[in-house]
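Written out below as structure tokens is the structure these notes cover.
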Ligand code: ADP
Ligand code: MG
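Residue numbers (my numbering): 65 to 503.
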């Protein structure tokens, strides 16, 4: 096919993919290129590893659908970092498994009175890891930007020094990897992995459990890194002294550096965040609409984004311009649907009944097939039938982190598409959940 023809087809696919999945559409999609298109396979080029991960995790099915609709035949879609960077990427990947999110940068973080100190300390740490505030401890309620800032520090530190070895993981991941290392008799390699880094970033440390060996291990990791002048950054939902499961010796260590709080954003900050998020998705919304959303949603930025997504999705599916009236109607619709919304508890109830397992098993660390499958199905259904974030879904199922939930969703999604039995089971469970008496 002629280059121009391929480019035209790709432009159509891109437009269609945006319509198929407005939630995951980003402004930077405009920078995607087509690396290869023929014989039923489409390879899409993107600028770096972080966007590659985002596309692979979130956009594969929407691009596949779009490509099939536009070309009229089956197309497999894959993404790749543009050719000229591929070699570099390969060597980088071996150095670290760091997975960053392309949206979570300092540039995309709106600074206001509620988060100024936290943001400034994160910037300082990213410029000079180990030498400013060590450890740096961020705390605040859910949805106020802790994870975003942690990613931004890693992204900036990595840009400044490509060789820096950075480990970023949720506390739950740390604990799980520790348990696995013990089970597999690999403790030494686990210790090497975490004690030899330049920067260790652990999100949501309130999930460190009391009197567990993992807390002891974390204590030693902390001491080793700290005494070698390596940077440690932590986040939690409360200050160190208020985390019930935390041992005294860890509380005192966490207080050695800087403990900084993030508060709920002011009205002006909320307006600015909505504008930022709209821009990131390639939307332009007028001040009036941003102000309307900011007045309606107060406490949590994740919900602010959710409101924007709802408005965007309503506009795309109805093919209408985003006006104040449309925004009002869309959000009122959201309130209506919230009144009869499906909760994760509804889902868990139907799934545990069907598989005859207990909730406690789903929340436990058990990894036998008979427990893992219902757990993953719960995650998949919660992702598809509720508006909860990956983090929140993981939280209901034993405090698992968002990558675990993401993995479960793609695994079940894949099984569904090639196994009719799974497809039928998911259909039946969904039917029961939707008809279950609402709380
Ligand atoms: P937390 O980890 O505190 O629960 P997150 O970092 O996951 O919260 O933030 C939730 C959402 O809100 C993310 O999409 C994040 O990008 C967004 N967000 C939070 N604070 C800001 C901010 N100041 N500017 C832009 N986006 C923000
Ligand atoms: Mg978080």
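From the three backbone atoms N, C-alpha and C, an ideal C-beta is built for every residue, glycine too. The structure displayed is predicted, hence computed values, not measured ones.
Query	Result
Distance cut-off 8 Å: residue 367 Cβ against heavy atoms of the ligand MG	no
Beta-carbon separation (whole angstroms), residue 15 vs residue 95, contact threshold 8 Å	For residue 15 there is no data in the structure shown, the boundaries of the chain being 65 and 503.
Coil, strand or helix - residue 158 by DSSP	In this predicted model, residue 158 has a pLDDT of only 41, less than 50, meaning its place in the structure is not dependable enough to derive any value.
Heavy atom of the ligand ADP within 8 Å of residue 212 beta-carbon	yes
Chain B within 9 Å of residue 291, Cβ atoms only	Although the question refers to chain B, the structure presented lacks it and comprises just one protein chain.
Contact under 9 Å by Cβ, residue 270 with residue 309	yes
Straight-line gap, residue 221 to residue 135 (C-alpha atoms, nearest Å)	42 Å
Inter-residue spacing [alpha-carbon to alpha-carbon] between residue 119 and residue 132	17 Å
Nearest candidate by alpha-carbon position, reference residue 344, set 84, 89, 76	89
Own chain partners of residue 170 with C-beta closer than 7 Å, once the 5 adjacent residues on each side are dropped	187, 216, 220
Secondary structure of residue 186, DSSP reduced to three states	helix
Secondary structure, beta strand (DSSP E): runs of 3+ residues fully inside the stretch 402-454	none
Span of the alpha helix (DSSP H) around residue 218	210-224
Own chain, CB closer than 8 Å to residue 429, minus 5 neighbours either side, in chain order	240, 243, 462
Residue nearest to residue 110 in terms of C-alpha spacing, selected from 91, 297, 477	91
Contact test: residue 465 Cβ vs the ligand ADP heavy atom, cutoff 8 Å	no
Where the alpha helix (DSSP H) through residue 245 begins and ends	235-247
First and last residue of the uninterrupted alpha helix (DSSP H) at residue 277	277-291
Within 9 Å, strictly: CB atoms of residue 74 and residue 116	no
Heavy atom of the ligand MG within 8 Å of residue 112 beta-carbon	no
C-beta atoms of residue 289 and residue 251 nearer than 9 Å	no
Residue 237 CB to nearest heavy atom of the ligand MG below 8 Å	no
Top-ranked residue by Cα proximity to residue 317, from 451, 283, 334	283
Limits of the alpha helix (DSSP H) - the one that residue 267 falls within	No alpha helix (DSSP H) contains residue 267, which is instead part of the beta strand (DSSP E) from 263-267.
Cβ neighbours of residue 446 in the same chain (closer than 7 Å, five flanking residues each side left out)	408, 411, 452, 457
Backbone CA spacing between residue 224 and residue 418 [nearest angstrom]	52 Å
Environment of residue 130 [buried if 16+ CB atoms lie within 10 Å]	buried
Rounded straight-line distance, which links the Cα of residue 77 to that of residue 65	16 Å
Residue 167 Cβ short of 8 Å to the ligand MG heavy atom set	no
Residues bridged to residue 101 (per DSSP)	106
Simplified DSSP state of residue 253, which is helix, strand or coil	helix
Candidates 167, 211, 413: closest to residue 340 by CA position	167
Helix, strand or coil at residue 197 according to DSSP, with G and I counted as helix	coil
Residue 247 Cβ short of 8 Å to the ligand ADP heavy atom set	no
Close-in-space but distant-in-sequence residues of the same chain around residue 121 (CB under 8 Å, 5 per side omitted)	470, 474
Own chain, CB closer than 6 Å to residue 61, minus 5 neighbours either side, in chain order	The requested residue 61 is not part of the displayed model; the chain covers only 65 to 503.
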